[in-house]
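Quick note, this note's numbering runs 1290 ahead of the 1-based positions in the sequence shown. So the structure is just underneath, and the comments pick up after that.
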Amino acid sequence: MEFDVVIVGAGPAGLATACRLMQLAQQNSQELSVCVVEKGSEVGAHILSGAVIESRALDELFPDWQNMGAPLNTPVKDDEIYFLRDAQKAIKVPHSFVPKTMMNHGNYIVSLGNVCRWLAEQAEGLGAEIFPGFSAHELLLDEAGVVRGVITGDMGVAADGSQKDSYMPGMELRAKYTIFAEGCRGHLGKQLIKRFNLAQQATPQHYAIGIKELWDVDPAKHQPGLVVHTAGWPLAEGCSGGSFLYHTDNNQVVLGLIVDLNYSNPHVSPFDEFQRYKHHPVVSQYLQGGKRVSYGARAITKGGLNSLPKMTFPGGLLVGCDAGTLNFAKIKGTHTAMKSGMVAAETLFQVLSAGDEGGRELNEFTTAFESSWAYDELYRARNFGPALHKFGPYLGGAFNFIDQNIFNGKLPITLKDEHEDYAQLKPASECRKIDYPKPDGVLSFDKLSSVFLSNTNHEEDQPCHLKLADASIPIAHNLAKYDEPAQRYCPAGVYEVVTQDDGQQRFQINAQNCVHCKTCDIKDPAQNITWTTPEGSGGPNYPNM
1291 MEFDVVIVGA GPAGLATACR LMQLAQQNSQ ELSVCVVEKG SEVGAHILSG AVIESRALDE
1351 LFPDWQNMGA PLNTPVKDDE IYFLRDAQKA IKVPHSFVPK TMMNHGNYIV SLGNVCRWLA
1411 EQAEGLGAEI FPGFSAHELL LDEAGVVRGV ITGDMGVAAD GSQKDSYMPG MELRAKYTIF
1471 AEGCRGHLGK QLIKRFNLAQ QATPQHYAIG IKELWDVDPA KHQPGLVVHT AGWPLAEGCS
1531 GGSFLYHTDN NQVVLGLIVD LNYSNPHVSP FDEFQRYKHH PVVSQYLQGG KRVSYGARAI
1591 TKGGLNSLPK MTFPGGLLVG CDAGTLNFAK IKGTHTAMKS GMVAAETLFQ VLSAGDEGGR
1651 ELNEFTTAFE SSWAYDELYR ARNFGPALHK FGPYLGGAFN FIDQNIFNGK LPITLKDEHE
1711 DYAQLKPASE CRKIDYPKPD GVLSFDKLSS VFLSNTNHEE DQPCHLKLAD ASIPIAHNLA
1771 KYDEPAQRYC PAGVYEVVTQ DDGQQRFQIN AQNCVHCKTC DIKDPAQNIT WTTPEGSGGP
1831 NYPNM
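So, in structure tokens, the structure goes:
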């Protein structure tokens, strides 16, 4: 199938690209064929974010979004920020001491999945084609190495590689230009960055894992529009991050813990840190008497401007979190992801309407993006993450307050973190073991019951989509040196070390449980695990996340 533009991923960046392209085509009475391919069973099925969003990009894309029914229903009414000292004590941080980028007046608490469902409706209404349930499995390259589209994954392949009765081969989706908007650690984006050496001038990318739950709460405890952020406990000993708790509509709250993936203790379990976090009085006061209704996890690209790769290559562009456009100083990435997609669309329309046949490198995009407010935001926030990594939460927080509130992000220095996240792990023998409390089934839960709430499902008889470069490394190297951290950094119980009847240990991959968070691809100390796309429509099916 041939198109003018193929977009990989129906997240905020990809859908904003599609919407803006079709708007421009309509306004100029031109014909454009645009296809969006989405690996989730439906648009929004794999979308997970906090999320408090800034509407700036949406205001530009659809100025009348409120009358058009966009699901931004809960404006932020109040911000509370706490430093949790231990399991019981907390200090409320006065607003005057908070970096202004972390205040949310004028923003909205949303389900980003529902925002994407709405954007998909607008894109289709404007004439774009959206194919959910089809994974972009491979790059389509010509003999000169130019990207000419993507190849979707085969359907109906058995675990042993044979073709089942339901077999259907993948399709070539050919395009003049292909836009990659897969989100954090996109597997094709990862290949493109390596193939075209796009990160040559950037510092290593940095990541976190975000674990999230949705709760129905007692209406008497519900405060629509309240935003609560915390730092400190339960994270300790070089493990950094923070939490969020947002009161949305319908007597619901969303809450989660973000754990930076540069932690050094291999005994850390982000999932279990999140479970004990919910018992802190600052959090439990809202959850008691409530019911957990959904669970999910997702890696977050948070390196910012310093880690941003070159976003252009022959035949296409990287946009949104596939490149890393999140503004860590604001703890937000939706508006910047959308803006990068809108700039991509404007660049594409300009060249295609001039008769461009595709396949070249769109340097015009770089100029346009670097002139946008999104790039200016990333520039002003460039020191935020490196300051916390270098100086810790206290001194780093003080630096960021001065940088953001006094100098407006324009201090004449640029801090950088040159260390790869996966390389920060220390041997298990050098680190304290962590005795996590057992879940109580009221506020805290186990992994398997959590995965159940994510509605995760994969066709069981298919090749494993979690690829090991060397099957011996998990036991021979990672277990011996790091007590195999995959058992703990995975938030879905995918990886286990099983002792067999003969006493030998075996590394077991429960791929059916995978929620597509990509943490294993990022944090494995041997960089031995590669996440690839499973059969189309596999994975979580998040409602309202």
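We treat Cβ as the ideally placed atom computed from N, Cα and C, and that holds for glycine.
Asked	Found
Close-in-space but distant-in-sequence residues of the same chain around Phe1421 (CB under 6 Å, 5 per side omitted)	Val1327
Cβ neighbours of Glu1786 in the same chain (closer than 6 Å, five flanking residues each side left out)	Gln1798
Gly1479 in three-state terms, based on DSSP	helix
The alpha helix (DSSP H) enclosing Met1291, as first and last residue numbers	Segment: none, Met1291 is in no alpha helix (DSSP H) and carries neither H nor E.
For Trp1523, the three-state DSSP class (helix, strand or coil)	coil
Pick from Gly1731, Pro1824 and Phe1618 that is closest to His1477, judged by C-alpha positions	Pro1824
Ile1590 beta carbon less than 7 Å from that of Pro1781	no
Alpha helix (DSSP H) segment containing Ala1308, residue limits	Pro1302 to Gln1317
Environment of Leu1577 [buried if 16+ CB atoms lie within 10 Å]	buried
Start-end ranges of the beta strand (DSSP E) lying completely within the segment 1566-1641, minimum 3 residues	1581-1591 and 1606-1608
Opposing strand residues paired with Ala1465 [DSSP bridges]	Phe1293
Coarse secondary structure for Trp1355, derived from DSSP in three states	coil
According to DSSP, residues forming a beta bridge with Asp1368	Leu1516
Touch test, the segment 1331-1339 against the segment 1393-1409, Cβ-Cβ under 8 Å, three pairs minimum	yes
Rounded separation between Ala1691 and Phe1387 - CA only	As written in the sequence, residue 1691 is Phe, which differs from the Ala given in the question. The alpha-carbon atoms of Phe1691 and Phe1387 are separated by roughly 7 Å.
Entirely enclosed beta strand (DSSP E) segments - the segment 1728-1768, minimum 3 residues	1756-1758
heavy atom of the ligand ZN below 6 Å from Leu1705 C-beta	Annotation note on the ligand ZN: not contained in the displayed structure, which lists no ligands.
Gln1777, DSSP secondary structure in three states	helix
Stretch pair the segment 1802-1819 + the segment 1591-1607: three plus CB contacts closer than 8 Å	no
Member of Val1507, His1557 and Pro1560 whose CA lies at the smallest distance from the CA of Gly1580	Val1507
Reduced DSSP category for Cys1325 - H, G, I as helix; E, B as strand; rest coil	strand
Simplified DSSP state of Ile1812, which is helix, strand or coil	helix
Candidates Tyr1779, Leu1678 and Gln1752: closest to Ser1456 by CA position	Gln1752
Sub-7 Å separation of Lys1568 and Ser1719 beta-carbons	no
Buried or exposed by the 16-neighbour rule on C-beta atoms within 10 Å, applied to Val1837	Outside the modelled stretch of the chain, which goes from 1291 to 1835, sits residue 1837, for which no answer is possible.
Residue range of the unbroken beta strand (DSSP E) whose run includes Lys1454	Gln1453 to Met1458
Pairwise C-alpha distance: Gln1565 and Tyr1726	9 Å
Three or more C-beta pairs below 8 Å linking the segment 1406-1413 and the segment 1552-1565	no
Distance CB(Ala1635)-CB(Thr1307) smaller than 7 Å	yes
Selection from His1557, His1519, Phe1674 and Arg1475 that minimises the alpha carbon distance to Gly1528	His1557
Host beta strand (DSSP E) of Ala1498 (start-end)	Tyr1497 to Asp1506
Whole runs of the beta strand (DSSP E) within the segment 1633-1693, excluding any shorter than 3 residues	none
Per DSSP, cross-strand counterpart(s) of Met1445	Met1458
Enclosing alpha helix (DSSP H) for Val1787 [first to last residue]	Not the alpha helix (DSSP H): Val1787 falls in the beta strand (DSSP E), residues Tyr1785 to Thr1789.
Close Cβ partners of Phe1352 (< 8 Å) along its chain, the five nearest in sequence each way excluded	Cys1309, Met1358, Ala1360 and Gln1412
Proximity test, Cβ basis, 7 Å: Thr1656 and chain D	Structure shown: chain D not included; a single protein chain is present.
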